[in-house]
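Numbering (my numbering), first residue to last: 1052 to 1699.
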């Protein structure tokens, strides 16, 4: 039995016909292979329908039960749909599936489809542009394109293999254009191959010697793709790749000309909907909202995102991971940058100031932000294909709780983060997460536990030979012991911190730890012991001043010298007591190095030890988790995708 064109009915059981066991999973009438094949073909023809892979799986299962077989053309479409479903650690399988699909398309005489499959196979291969594209090759809104436009290799990663892949794509584009002129490839197929090459070039923009010039050249090429496809827009199949081209054009235009980017992105959304694709253009909507935020239109951005989350046929096909990203983007739209600070990365918490990183004001969003972030965590967990997305959502939720003084809730979320990082073996990220947990414990009145967590974080940092963080975290552990009312332990811990600072040559930080030690020593052992320690701190600060590298460092060391002299004077004054101001300084300075990394100057947050940003920095033309171009979080999936289609 072989599958045939849609106008043929190769399978008719007739009265009493059927095959034992050929029934729907829940019981009832047997499934008709012909009807299932028709449905799978329709979904594949839509150009990346999210249900196509499952439809081919059911059709193949029904055919096997009926003793039938599948034609090379149908088999190729099934392999394409299966490969488009390969995400996370299953991504490497996509290259083989696409290559096999291309061979079958050629055998079936479908040369345009074969070129698309070959292009997708190249994109799924081991090139720099595809390294982080593990879940590549199949966002429903961009058939054969990365799920997230910003998926790219590490910043600065370059190599001949990436450019070799681009050369292969260029050759496929030439073949597609030649086939189109002879009628061997449709306009939609040719445009898709052209857009695939442009997508790969966009992902490598920030590795170019002159990214701006390369971006300008790419914009010109994309404009030519639009000019090629637009005259045939009456064909709904052309509107799909046309929408993809315009979305990509909007992305690489956004850093240089936001108003023009808005026009491209609005047109892309319109073309997507005009194409009849029933699934939402999530990537384009996130990009559109991101540019609207950047151009001072947060209300319109919120409307775009709320619509994307609202009821409707499109929303029913919204993947859980995409829903999580939209929730994150809407929360960001409602509150402004703050929270994790900057575009997608951690920033300092400034207690009670209502400001985000770099002093930018945040808008109050009430409980809606917490609701959105909680939903983002739930959807990211439900998707289960990108651990970083779940981690990022928890970081945002943790920070939102902290900004409201809900330290119990913040600590609970941080413990989840720490457990996940421990399971993943991410030691570098575990250290700042543990430090953040310690800070939450300190703020909720558990200084003993805070001291333990800070000490563990310091030990982890030292094991990684990160001596600066090890010293700074040791200082924080000492401060927590002081708050817990253990001056002897605190004094010894400050002494260890000072020794660690000396080992890295930071005399200013060593002086600060010694000054804090003197206050604890006075409480534990008296003024005479404190005086000896303060004199040691004075010598340390002077040593640092002699070797200061710049005016900023010299100013900080002079301030430290003044504090030490003042505390020495207090020791000799009648009825002198430990300065409340000095205690306050220690409470907020965080023990950072003399470069100010510890969050001195009145910052009440835990300095550089906020929850770790799970995404590395992205380039000027890449997209972060919020859909913002040039943001701080490039998307990269590392979790496995375990679904195996039955028609391979």
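We treat Cβ as the ideally placed atom computed from N, Cα and C, and that holds for glycine.
### Message
Tell me the residue span of the alpha helix (DSSP H) that contains residue 1672.
### Response
Counting from 1 along the chain shown, the entry for residue 1672 is found at position 621. Careful: residue 1672 lies outside any alpha helix (DSSP H) and carries neither H nor E.
#### Entry: Those residues which DSSP pairs with residue 1680 across a bridge
Residue mapping note: residue 1680 aligns to position 629 of the chain shown, counting from 1. The partner list for residue 1680 (beta bridge, DSSP) reads 1674.
### Message
Quick check: what's the CA-CA separation for residue 1421 versus residue 1458?
### Response
Here residue 1421 is taken as the residue at index 370 of the chain shown, counted from 1. Here residue 1458 is taken as the residue at index 407 of the chain shown, counted from 1. Each residue's CA atom was taken as its position, placing residue 1421 and residue 1458 some 14 Å apart.
### Task
List the whole-angstrom C-beta distance separating residue 1493 from residue 1451, where the pair is believed to meet the contact cut-off of C-beta under 8 Å.
Numbered from its first residue, the chain shown carries residue 1493 at position 442. Numbered from its first residue, the chain shown carries residue 1451 at position 400. So it is not a contact: roughly 19 Å between Cβ atoms.
### Message
Can you look up residue 1510 in the DSSP assignment and give me helix, strand or coil?
### Response
Counted from its first residue, the chain shown places residue 1510 at position 459. Helix at residue 1510.
#### Entry: Continuous alpha helix (DSSP H) assignments of at least 4 residues falling wholly in the stretch 1303-1391
1309-1325, 1333-1345, 1349-1360, 1364-1367, 1371-1386, all fully within the stretch 1303-1391.
### Message
Please list the terminal residues of the continuous alpha helix (DSSP H) segment that includes residue 1277.
### Response
Here residue 1277 is taken as the residue at index 226 of the chain shown, counted from 1. Start and end: 1262-1280.
### Message
Taking 8 Å as the threshold (beta carbon to beta carbon), is residue 1566 in contact with chain D?
### Response
Of the chains in the structure shown, none is chain D; there is only one protein chain.
#### Entry: Through-space distance from residue 1522 to residue 1190, alpha-carbon basis
Along the chain shown, read from residue 1 onward, the residue named residue 1190 stands at position 139. Along the chain shown, read from residue 1 onward, the residue named residue 1522 stands at position 471. Legend: pLDDT at residue 1190 = 36, less than 50; position of this residue unreliable, no value from coordinates given.
### Message
Distance check for residue 1556 and residue 1302, CA to CA, integer angstroms please.
### Response
Sequence index remark: in the chain shown, residue 1302 carries index 251 (1-based). Sequence index remark: in the chain shown, residue 1556 carries index 505 (1-based). Taking the straight line from one Cα to the other gives about 45 Å.
### Message
Count Cβ pairs between the stretch 1298-1312 and the stretch 1668-1675 that sit closer than 8 Å; are there 3 or more?
### Response
yes
### Message
Please identify the residue among 1553, 1347, 1564 whose C-alpha is closest to the C-alpha of residue 1541.
### Response
Here residue 1541 refers to the residue found at position 490 of the chain shown. Ranking the options by Cα distance to residue 1541, first place goes to 1564.
### Query
With a CB to CB cut of under 6 Å and the five nearest residues on each side skipped, what residues in its chain are close to residue 1568?
What you label residue 1568 is simply residue 517 of the chain shown in a count that begins at 1. Cβ within range, chain order: 1542, 1545, 1546, 1584.
### Message
Helix, strand or coil for residue 1126? Go by DSSP, reduced to three states.
### Response
What you label residue 1126 is simply residue 75 of the chain shown in a count that begins at 1. If DSSP states are grouped into helix, strand and coil, residue 1126 belongs with the helices.
### Query
Going straight from the alpha carbon of residue 1186 to that of residue 1141, what length do you get?
Start at 1 with the first residue of the chain shown, and residue 1186 comes out as number 135. Start at 1 with the first residue of the chain shown, and residue 1141 comes out as number 90. Unreliable positioning characterises residue 1186 in this predicted model, as indicated by a pLDDT of 32, which lies under 50. The coordinate reading is nonetheless provided below. Each residue's Cα considered, the two are about 7 Å apart.
### Message
Please state the DSSP three-state secondary structure of residue 1253.
### Response
Sequence index remark: in the chain shown, residue 1253 carries index 202 (1-based). If DSSP states are grouped into helix, strand and coil, residue 1253 belongs with the helices.
### Message
Let me make sure I understand the geometry here. Which of 1360, 1357, 1313, 1466 has the alpha-carbon closest to that of residue 1339?
### Response
On the chain shown, position 288 is the one that residue 1339 refers to. Here the closest residue by C-alpha is 1313.
### Task
Mark residue 1525 as exposed unless 16 or more other C-beta atoms lie within 10 angstroms of its C-beta, in which case mark it buried.
The residue labelled residue 1525 in the question sits at position 474 within the chain shown. Under this definition residue 1525 is a buried residue.
#### Entry: Per-residue DSSP class, three states only, for residue 1224
Position 173 of the chain shown, counted from the start, is the residue given in the question as residue 1224. Residue 1224: helix per DSSP, three-state reduction.
### Message
Helix, strand or coil, according to DSSP, for residue 1455 in the structure here?
### Response
Locating residue 1455 in the chain shown gives position 404, where the first residue counts as 1. Residue 1455: coil per DSSP, three-state reduction.
### Query
According to the Cβ coordinates, are residue 1592 and residue 1560 closer than 8 Å?
Stepping through the chain shown from its first residue, residue 1592 is reached at position 541. Stepping through the chain shown from its first residue, residue 1560 is reached at position 509. Against a cut-off of 8 Å, the Cβ pair of residue 1560 and residue 1592 comes out as no contact.
### Query
Quick one: Cα of residue 1602 to Cα of residue 1620, how far?
Here residue 1602 corresponds to residue number 551 of the chain shown, with the count starting at 1. Here residue 1620 corresponds to residue number 569 of the chain shown, with the count starting at 1. Distance between the alpha carbons of residue 1602 and residue 1620 is about 27 Å.
### Task
Kindly indicate which residue of 1117, 1439, 1363, 1165 has the alpha-carbon position closest to the one of residue 1156.
If you number the chain shown from 1, residue 1156 lands on position 105. For the residues 1117, 1439, 1363, 1165, the minimum Cα distance to residue 1156 belongs to 1165.
#### Entry: Extent of the continuous alpha helix (DSSP H) to which residue 1156 belongs
Residue 1156 sits at position 105 when you count from the first residue of the chain shown. Run containing residue 1156: 1143-1158, per the alpha helix (DSSP H) assignment.
### Query
Any idea what DSSP makes of residue 1395, helix, strand or coil?
One-based indexing of the chain shown puts residue 1395 at position 344. Only weak support exists for where residue 1395 lies, its pLDDT of 33 falling under 50; the value from the coordinates is given anyway. Coil.
### Task
Let me know the secondary structure DSSP gives residue 1515 once reduced to three states.
Position 464 of the chain shown, counted from the start, is the residue given in the question as residue 1515. Taken through DSSP and simplified to helix, strand or coil, residue 1515 comes out as coil.
### Task
Return the residue from the list 1677, 1614, 1220, 1239 that minimises the CA-CA distance to residue 1566.
Counting from one through the chain shown, the residue named residue 1566 turns up at place 515. That would be 1614, whose Cα lies nearest to the Cα of residue 1566.
### Query
Going by Cα to Cα distance, which pick from 1439, 1350, 1377 is closest to residue 1336?
Here residue 1336 refers to the residue found at position 285 when the chain shown is read from its first residue. Closest by alpha carbon: 1377.
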